[in-house]
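For reference, the structure discussed in these notes is given below.
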Amino acid sequence: MGEFEVHRVRFFGLVPAGVRCLAWQPRSDRLGLARTDGTVEVYNFAANYFQEKVIPGHETRSVEALCWAGDRLFGAGLSGEITEYDLAGLCVACSVDGCGGPIWSMAVNSSGTQLAIGCDDGSIKLFEVVPGGIQFEQNLDRRKGRILCLSWHPSDTHIAAGSIDSLRVLDVCSGQTVQRIMVNYHVQKVKQECIVWSIAFLSSGTVVTSDSFGRVQFWDWEQGTLLDSHTVSNSAVLSLAVSEKEDSIVVGTSAGATYQFQLLPVKLNSQEKRWIRTKPFQYHTHDVRAVAHSSTALISGGRTGCGNQEGLGIPPPDLFWLTCAWLPGLDAQLVIRPLMEKMQDKGYEAALRKFTFPHRRLVSCAREARLLLFQFSQHLELWRLGSTNRTGKDGDVLPLSSMPEHLVQLKSKGPEHIYCSCVSPCGSWVTYATASRFHLYRVHYEDDGVRIEKIPKVSKLLLPAYQLQFSSDSSSLFVASARGSVHVVLLLEPGGCRHLHTLQPPSGCPEAVYLLALSTDGRWLAAVSGDWAIHVYKLKRLKHHCTVPLYSCAVTALAIHPVTNNLVIAYSDQQLFEFSIPEKQYTDWSRTVQNSGLHKVWLERDSPITHITFNPKNPSHILLHDTYMFCIIDKSLPLPDNSTLLMNQCILKQLPESARQQQLHAFKICKKFQPLLFADLLDEKCLVMVERPIMDIKTQLPLPTQQKKFGT
Numbered sequence: 001m002g003e004f005e006v007h008r009v010r011f012f013g014l015v016p017a018g019v020r021c022l023a024w025q026p027r028s029d030r031l032g033l034a035r036t037d038g039t040v041e042v043y044n045f046a047a048n049y050f051q052e053k054v055i056p057g058h059e060t061r062s063v064e065a066l067c068w069a070g071d072r073l074f075g076a077g078l079s080g081e082i083t084e085y086d087l088a089g090l091c092v093a094c095s096v097d098g099c100g101g102p103i104w105s106m107a108v109n110s111s112g113t114q115l116a117i118g119c120d121d122g123s124i125k126l127f128e129v130v131p132g133g134i135q136f137e138q139n140l141d142r143r144k145g146r147i148l149c150l151s152w153h154p155s156d157t158h159i160a161a162g163s164i165d166s167l168r169v170l171d172v173c174s175g176q177t178v179q180r181i182m183v184n185y186h187v188q189k190v191k192q193e194c195i196v197w198s199i200a201f202l203s204s205g206t207v208v209t210s211d212s213f214g215r216v217q218f219w220d221w222e223q224g225t226l227l228d229s230h231t232v233s234n235s236a237v238l239s240l241a242v243s244e245k246e247d248s249i250v251v252g253t254s255a256g257a258t259y260q261f262q263l264l265p266v267k268l269n270s271q272e273k274r275w276i277r278t279k280p281f282q283y284h285t286h287d288v289r290a291v292a293h294s295s296t297a298l299i300s301g302g303r304t305g306c307g308n309q310e311g312l313g314i315p316p317p318d319l320f321w322l323t324c325a326w327l328p329g330l331d332a333q334l335v336i337r338p339l340m341e342k343m344q345d346k347g348y349e350a351a352l353r354k355f356t357f358p359h360r361r362l363v364s365c366a367r368e369a370r371l372l373l374f375q376f377s378q379h380l381e382l383w384r385l386g387s388t389n390r391t392g393k394d395g396d397v398l399p400l401s402s403m404p405e406h407l408v409q410l411k412s413k414g415p416e417h418i419y420c421s422c423v424s425p426c427g428s429w430v431t432y433a434t435a436s437r438f439h440l441y442r443v444h445y446e447d448d449g450v451r452i453e454k455i456p457k458v459s460k461l462l463l464p465a466y467q468l469q470f471s472s473d474s475s476s477l478f479v480a481s482a483r484g485s486v487h488v489v490l491l492l493e494p495g496g497c498r499h500l501h502t503l504q505p506p507s508g509c510p511e512a513v514y515l516l517a518l519s520t521d522g523r524w525l526a527a528v529s530g531d532w533a534i535h536v537y538k539l540k541r542l543k544h545h546c547t548v549p550l551y552s553c554a555v556t557a558l559a560i561h562p563v564t565n566n567l568v569i570a571y572s573d574q575q576l577f578e579f580s581i582p583e584k585q586y587t588d589w590s591r592t593v594q595n596s597g598l599h600k601v602w603l604e605r606d607s608p609i610t611h612i613t614f615n616p617k618n619p620s621h622i623l624l625h626d627t628y629m630f631c632i633i634d635k636s637l638p639l640p641d642n643s644t645l646l647m648n649q650c651i652l653k654q655l656p657e658s659a660r661q662q663q664l665h666a667f668k669i670c671k672k673f674q675p676l677l678f679a680d681l682l683d684e685k686c687l688v689m690v691e692r693p694i695m696d697i698k699t700q701l702p703l704p705t706q707q708k709k710f711g712t
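Right, here's the structure in full:
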């Protein structure tokens, strides 16, 4: 694998925001996810669960509910607005005031033509989904108490609504309440309020609720009677989701547990069926605030506690206790647990998947200056790497002669979260962008410290910006923008910039560009848009050069080789391609890879490649990584077949030289550094690895809900 001096960096203090709500879209196999910081993400399950869309958060825009109306995604929250998201432009398309105070819940009817929202003032409002937005339709019967959850009957004639101590069923046509059920009428001497956290309206007429007493209850809405009750936890049951066929339910609790209920026959071959709790799962350490149910899997997400609620337009603390006061913390994991009985293939497709970190880079590196730029939601941190004057053998931990130095913390003004950032290779330029602002800074390194100079009058044409990349000589900046465009910015000395040109695909593109790759010699630029098309531009003439043949999966990483100008592409299904830019065709090595096929173990990884780089001194080497491994691919060696051990580095070290040569293959994999958020080559013998250990995150969380252990 070769010997490298490795800078092992563990001071990137990233703490991912918790999962607030989930929305499953069965038609497109996509999952919408909203986090507690207002960030909205879309995962494409058909593209190996890749996080294909990210809309950055906003300090004044919480998202309490998320739902799909066809292929359109809507969110609503405590700001009192209903928001439609532009998934092509990765931004907010439009917002409409709900006129009922903070919105706690939202649901769409089965045809995707109407949205119902539950408001803080106790009102339920209907909006019609129309081209380009939504229109207010009617108010339903208003009662005292905020509406915490909503569910449509599949026939779209009735809506079930959950509140404190009660649930209601409303007729959509008349707008009147046709049934009101007190959830604690059968419990004597109740001393505290019962919060109905989640609700589902089944086609059979059964209403399913989960509440703060740890119960999942089944109600006959017409008779107003309790059919069945299951106490699944000593803590609250926060979330509930039903399968499309209505034969399975998943619930999540504040103790971190999820449970599955199945509709099963009472006896063998019996027509009578009952809901039975069948499977408990403990994949989270803290509360499970969001669950979803696909046709083949149970999906759950962890959530934060109260956190910082300033500026959200939330009621005073004494009115807000029910959503924050007792929620213990998060693990921020998205967990996808396939149902074995629904899977035809019991292998890779049936594997459990956990996603904690984003599928995009939040770290950039200034190789020449040995600097790292860390991106957080509302600030950047610039660090200088430490150094050592010692040498040692393989595996030695060398003492530092100079410690890592925190040079600058650059805070973003305003409520918008940072979407992308970058530091130039020389370390003299730093740039970042939010939804409405683009910032460029000149960094001056002086004897007594670091001085930051903001570049004024930056062109507004550069917005929106989704990816930023400096040229290798730090003379130009490339800005990935909307509709497939890439802006070219010339950097001026001693400090300034000028918009030079805008590159666009010849046939147009409705999607934003989310990945860029530049050649070291400054001749070529590759840009990837949301439709997964890769366009290559010739920078000397500022013209379109060619388009890489379209593949059926999303691009997760790409890079241009500094010697050959071959474009190496990693896709979400773990396939690797090499495309010759000068010759406009795939290389011989790429064709060999596709003909022979990659190793089964390689293809069964569920973490996407997020970065690719090269060693100019070894042109046959490709360096890449995902969250759980670092890999060097040596193109001069044969590809491993499925009968070969893919991760064989430990075995090779124990073999004599003659036997070792027979076992060598192209893939050299290291799993020592985990979770790996960034890896890059500083020079031919030096690597930097940025890790974020899960235990470091968990130590910053409050204790989870206390659970009594058997025998204690």
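Numbering (UniProt numbering), first residue to last: 1 to 712. Note that CB positions come from ideal geometry on N, CA and C, so glycine has one too. Since the model is a prediction, treat every value here as computed from it, not as a measurement.
Same chain, Cβ closer than 6 Å to residue i, neighbours up to 5 away in sequence not counted
{"i": "isoleucine 199", "result": "Cys149, Ser151, Ala160, Gly162 and Thr209"}
{"i": "cysteine 553", "result": "Ala47, Tyr571, Ser572 and Asp573"}
{"i": "cysteine 546", "result": "Val536 and Lys584"}
{"i": "glutamine 603", "result": "The sequence shown places leucine at residue 603, rather than the glutamine named in the question. Cβ neighbours of leucine 603 beyond the five flanking positions: Gln574."}
{"i": "arginine 8", "result": "Met689"}
CA-to-CA distance, residue j to residue i, given in whole angstroms
{"i": "residue 714", "j": "glycine 132", "result": "The structure shown does not extend to residue 714, since the chain is modelled only from 1 to 712, so the question has no answer here."}
{"i": "alanine 332", "j": "proline 358", "result": "11 Å"}
{"i": "leucine 624", "j": "glutamate 368", "result": "20 Å"}
{"i": "threonine 156", "j": "threonine 83", "result": "A quick correction: the sequence has aspartate, not threonine, at residue 156. Cα-Cα distance, rounded: 22 Å."}
{"i": "glutamate 41", "j": "alanine 659", "result": "49 Å"}
{"i": "leucine 240", "j": "leucine 298", "result": "11 Å"}
{"i": "leucine 492", "j": "lysine 413", "result": "25 Å"}
{"i": "serine 421", "j": "alanine 512", "result": "16 Å"}
{"i": "lysine 245", "j": "leucine 598", "result": "37 Å"}
{"i": "lysine 457", "j": "leucine 664", "result": "56 Å"}
{"i": "valine 6", "j": "phenylalanine 630", "result": "12 Å"}
{"i": "alanine 517", "j": "arginine 361", "result": "13 Å"}
{"i": "leucine 440", "j": "leucine 558", "result": "25 Å"}
{"i": "alanine 65", "j": "aspartate 680", "result": "39 Å"}
{"i": "serine 436", "j": "leucine 463", "result": "7 Å"}
{"i": "arginine 274", "j": "leucine 264", "result": "6 Å"}
{"i": "serine 229", "j": "methionine 695", "result": "37 Å"}
{"i": "phenylalanine 577", "j": "leucine 226", "result": "59 Å"}
Counted within 10 angstroms of its Cβ, other Cβ atoms place residue i as buried (16 or more) or exposed
{"i": "proline 505", "result": "buried"}
{"i": "glycine 530", "result": "buried"}
{"i": "leucine 334", "result": "buried"}
{"i": "asparagine 615", "result": "buried"}
{"i": "histidine 611", "result": "buried"}
{"i": "histidine 406", "result": "exposed"}
{"i": "serine 270", "result": "exposed"}
{"i": "tyrosine 445", "result": "exposed"}
{"i": "arginine 498", "result": "exposed"}
{"i": "isoleucine 452", "result": "exposed"}
Cβ neighbours of residue i in the same chain (closer than 8 Å, five flanking residues each side left out)
{"i": "asparagine 565", "result": "Ser519, Asp521, Arg523, Trp524, Ser580, Ile581 and Pro582"}
{"i": "glycine 508", "result": "Arg483 and Gly484"}
Collapsed DSSP secondary structure at residue i in the structure displayed
{"i": "arginine 142", "result": "coil"}
{"i": "arginine 437", "result": "coil"}
{"i": "glutamate 657", "result": "helix"}
{"i": "arginine 591", "result": "helix"}
{"i": "leucine 515", "result": "strand"}
{"i": "leucine 550", "result": "coil"}
{"i": "alanine 47", "result": "helix"}
{"i": "lysine 460", "result": "helix"}
{"i": "aspartate 448", "result": "coil"}
{"i": "glutamate 341", "result": "helix"}
{"i": "methionine 647", "result": "coil"}
{"i": "valine 423", "result": "strand"}
{"i": "lysine 411", "result": "strand"}
Chain-order list of residues whose beta-carbon lies under 7 Å from that of residue i (same chain, five-residue window excluded)
{"i": "arginine 370", "result": "Arg384, Leu385 and Leu682"}
{"i": "serine 364", "result": "Leu373, Ser421, Cys422 and Val423"}
{"i": "cysteine 67", "result": "Ala23, Phe74, Met106, Ala107 and Val108"}
Threshold first: 3 residues or longer. Then list the beta strand (DSSP E) segments lying entirely within the region 491–515, N to C. Every unbroken stretch of the beta strand (DSSP E) spanning 3 or more residues and falling wholly within the region 491–515 is given here in chain order: 496–503.
What are the start and end residues of each continuous beta strand (DSSP E) run of 3 or more residues lying completely inside the region 65–153, in chain order? Qualifying beta strand (DSSP E) stretches, in chain order: 65–69, 72–76, 81–86, 91–97, 103–108, 114–119, 124–130, 133–139 and 149–152.
What are the complete beta strand (DSSP E) segments, minimum 3 residues, inside the region 561–621? Contiguous beta strand (DSSP E) elements confined to the region 561–621 occur at 566–571, 576–580 and 611–614, taking only those with 3 or more residues.
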